[in-house]
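To start, the structure itself, in structure tokens.
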Amino acid sequence: MLRYIILLCALLFPLCCSGQQLFNDVPTTSPYFNPTKAMYSLGITKGCNNPDPPEYCPDSSLLRDQIAVFIIRAWSRRLWNDPEAFLTYAPPSGTPWFSDVGTSHPNFVYIQKMWELGITSGCTVTPRDYCPNGTIENYQIAVFIARARVVADGNCVVPCGNDNFYYPSTPYFNDVSDNQQSPYYTFTSNGFSGWRIWVRCRPMKPLPAAV
Numbered sequence: 789m790l791r792y793i794i795l796l797c798a799l800l801f802p803l804c805c806s807g808q809q810l811f812n813d814v815p816t817t818s819p820y821f822n823p824t825k826a827m828y829s830l831g832i833t834k835g836c837n838n839p840d841p842p843e844y845c846p847d848s849s850l851l852r853d854q855i856a857v858f859i860i861r862a863w864s865r866r867l868w869n870d871p872e873a874f875l876t877y878a879p880p881s882g883t884p885w886f887s888d889v890g891t892s893h894p895n896f897v898y899i900q901k902m903w904e905l906g907i908t909s910g911c912t913v914t915p916r917d918y919c920p921n922g923t924i925e926n927y928q929i930a931v932f933i934a935r936a937r938v939v940a941d942g943n944c945v946v947p948c949g950n951d952n953f954y955y956p957s958t959p960y961f962n963d964v965s966d967n968q969q970s971p972y973y974t975f976t977s978n979g980f981s982g983w984r985i986w987v988r989c990r991p992m993k994p995l996p997a998a999v
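Each residue of the sequence shown is one higher than the one before, counting from 789 in the numbering used here.
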């Protein structure tokens, strides 16, 4: 999960927030101290529970419904300087897009917005499911963040060419190559003056039917 919080913080904002420890389970000596505190300060996360001091649960697996919350709050913060402002300025439909995420789901509004922004197509096509309790995988988080970055950079409230971006022809990773059957996004980052995400996918091939 820790690698994902760095990439999510990289999605929209430079790292910040050095100083006093915030989360009881993320000490100031942790390499993840700055990004976790930044996410809390920006309103992207509230932590995993609310003792005093709060905890982040950095070693827990990240679920698909949780990443929807993080990404949509980060996108909303980028556009309106408020992680929940999308509920006012670009509210999601009240009719469920996914058969397994009803209106009573605690993260319904975030998952709805993931579909409406073109960041996800779900985990299955027929029926259209999101698999909210599924553990997020590396290639899935790469797809989500790459698409979300395009949406955020374009100040979009609807899909805006989410899969149109530059990618180098030379793979960054040994286990994700151009001759794979499925086109996976991969990413690397540069944190000198704030994080930047680079992505690539197999040229001239469609994306997976469901991500």
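Don't be surprised by glycine CBs; every beta carbon is placed ideally from N, CA and C. Given the structure is predicted, the values throughout are model-derived calculations rather than measurements.
7 angstroms CB neighbourhood of A936 in its chain, flanking five on each side removed: Short of 7 angstroms from the beta carbon of A936, and not among the five residues preceding or following it, lie these beta carbons of its own chain, in chain order: L799, I859, W863 and I907.
S829 - containing alpha helix (DSSP H), residue span: Run containing S829: F821 to S829, per the alpha helix (DSSP H) assignment.
Candidates P819, N822 and I855: closest to C836 by CA position: With distances taken between CA atoms, C836 lies nearest to I855 out of P819, N822 and I855.
Nearest-angstrom Cα separation, counted from I933 out to Y960: Those two C-alpha atoms are separated by around 17 angstroms.
Selection from C948, V964, V889 and A940 that minimises the alpha carbon distance to N869: Among C948, V964, V889 and A940, the Cα nearest to that of N869 is on A940.
Euclidean distance between Cα positions of T824 and N895: Distance between the alpha carbons of T824 and N895 is about 20 angstroms.
Beta-carbon gap between R878 and V945 smaller than 8 angstroms: Checking the displayed sequence, the identity of residue 878 turns out to be Ala instead of Arg. Yes, they are a contact pair.
Helix, strand or coil at T923 [DSSP, three-state]: In this structure, T923 counts as strand in the three-state DSSP scheme.
Contacts around V889, its chain only, beta-carbon distance under 7 angstroms, and the 5 residues preceding and following it disregarded: F896, I899, Y918 and P920, listed in sequence order.
Cβ shell of S881 (< 8 angstroms), same chain only, five flanking positions each side left out: Only Q900 and E904 meet the Cβ criterion.
Every unbroken beta strand (DSSP E) within the segment 876-910, with a cutoff of 3 residues, ordered by chain: For the segment 876-910, not a single whole beta strand (DSSP E) run of length 3 or above is found.
Cβ-Cβ distance between L850 and I924 below 8 angstroms: Cβ distance < 8 angstroms, so L850 and I924 count as in contact.
Buried or exposed by the 16-neighbour rule on C-beta atoms within 10 Å, applied to N822: Residue environment analysis places N822 among the buried positions, since at least 16 neighbouring C-beta atoms fall within 10 angstroms of its C-beta.
Spatially closest choice to P947 from C845, S909, N838 and S848, by CA coordinates: Closest by C-alpha distance to P947, out of C845, S909, N838 and S848, is S909.
Where the alpha helix (DSSP H) containing L867 begins and where it ends: Taken as a continuous stretch (DSSP letters only), the alpha helix (DSSP H) holding L867 covers R852 to W868.
In DSSP terms, what D917 is bridged to: The partner list for D917 (beta bridge, DSSP) reads T912.
Bridge partners - N837, DSSP secondary structure assignment: Its beta-bridge partners are E843.
Where I832 sits in the DSSP three-state scheme: Note: I832 maps to coil in three-state DSSP.
Nearest residue (CA-CA) to N926, options P915, R852 and E843: Per the Cα distances, R852.
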